[in-house]
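Have a look at the structure below, then the notes.
In the UniProt record's numbering, the protein residues as written are 1 to 326.
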């Protein structure tokens, strides 16, 4: 089994799916000859030709509009938004057009489009390159939102996303692209969308996280265990829309306490939705209110101070201590 970084696992998934299904098309800004700004599509145009892997103008709205039209005609487009902070330019095409295709046509047409995009902080990018905007699409019916935390998950989830009959936003945290390697099968395998993963067993509190915050949560859980002998169960959501509430409820039945960790700002995002669903489905199992460990509700900060803004293991530890004290 090969050791891969997340970016290598993503390239491998795209390669497999381009080979398996001739309806799959990969396009976006600089994804062809240059292989993408992070080299996720490196070598794919040379292998599959410029009719299946190609560059587009610097126009996010046009990229997603093209994807929607191709999907309705029977293709399976995999467009790339070069940095997710620029998704605002394509918001109408995604939320107003793409997400409504199945509903608007009464199921006559679907839009099997997988929008890949780098996002996330901790790498000191310029403004508009790091924002966590998944909450905008958690509130958009018709769109699935997938955020892997490991190379293994990235490959299996991306293959599932491309094969899904409806639109999927596939967000790739930049800090995880080359931060570690993991054994990844070279064969074809999928991980179902909407199914969370319990990445650490525990009995005193549940920590729900996704993307890079899974690794922050795991560090905090290890420190909590060593310092206080308390064991946190950590859930990697993998998919933030739809949320796997069954796995969350099963964990809370064991631990009776929970916190949610997210990199996006505090209000009205995925964490807020998770807390609401826990209240609806598991309130009688709780011995304390569900707490959140998030950045504040400000504009994403400039790179020189983002380390002061992003949730840290120490912040998660304080939140765990607080939920135990209530």
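Backbone N, C-alpha and C define an ideal beta-carbon position, used for all residues, glycine too.
Cutoff 6 Å; reference residue i; Cβ partners in own chain excluding five residues on either side
i	result
residue 124	303
residue 11	40
residue 101	109, 111
residue 70	77
residue 267	297
residue 288	257, 323, 326
residue 269	135
residue 219	313
residue 97	68
8 Å Cβ shell around residue i - same chain, five flanking residues per side excluded
i	result
residue 301	308, 309
residue 164	112, 114, 144, 193
residue 62	56
residue 188	16, 20, 159
Beta-carbon gap between residue i and residue j smaller than 8 Å
i	j	result
residue 176	residue 209	no
residue 120	residue 173	yes
residue 286	residue 252	yes
residue 157	residue 117	no
residue 258	residue 278	yes
residue 197	residue 238	yes
residue 20	residue 74	no
residue 255	residue 194	no
residue 299	residue 261	no
residue 42	residue 35	yes
residue 249	residue 291	no
residue 99	residue 56	no
residue 81	residue 67	no
residue 86	residue 60	yes
Reduced DSSP category for residue i - H, G, I as helix; E, B as strand; rest coil
i	result
residue 225	helix
residue 91	helix
residue 272	helix
residue 235	strand
residue 76	strand
residue 297	coil
residue 81	coil
residue 61	helix
residue 144	strand
residue 5	coil
residue 28	strand
residue 165	coil
residue 126	coil
residue 258	strand
residue 204	coil
Cut-off 7 Å between Cβ atoms - residues of its own chain near residue i, not counting five sequence neighbours on either side
i	result
residue 132	119, 120, 263, 264
residue 44	14, 15, 18, 26, 53
residue 224	230, 232, 317, 320
residue 160	190, 191, 192, 193
residue 103	142
Rounded C-alpha distance that separates residue i from residue j
i	j	result
residue 320	residue 205	8 Å
residue 137	residue 240	9 Å
residue 113	residue 226	45 Å
residue 275	residue 147	19 Å
residue 92	residue 51	26 Å
residue 95	residue 313	34 Å
residue 128	residue 58	15 Å
residue 48	residue 88	30 Å
residue 222	residue 162	35 Å
residue 130	residue 106	37 Å
residue 31	residue 284	50 Å
residue 295	residue 65	33 Å
residue 6	residue 38	11 Å
residue 315	residue 305	16 Å
residue 199	residue 247	12 Å
residue 33	residue 46	8 Å
Three CB pairs or more closer than 8 Å across the segment 135-155 and the segment 182-189:
yes
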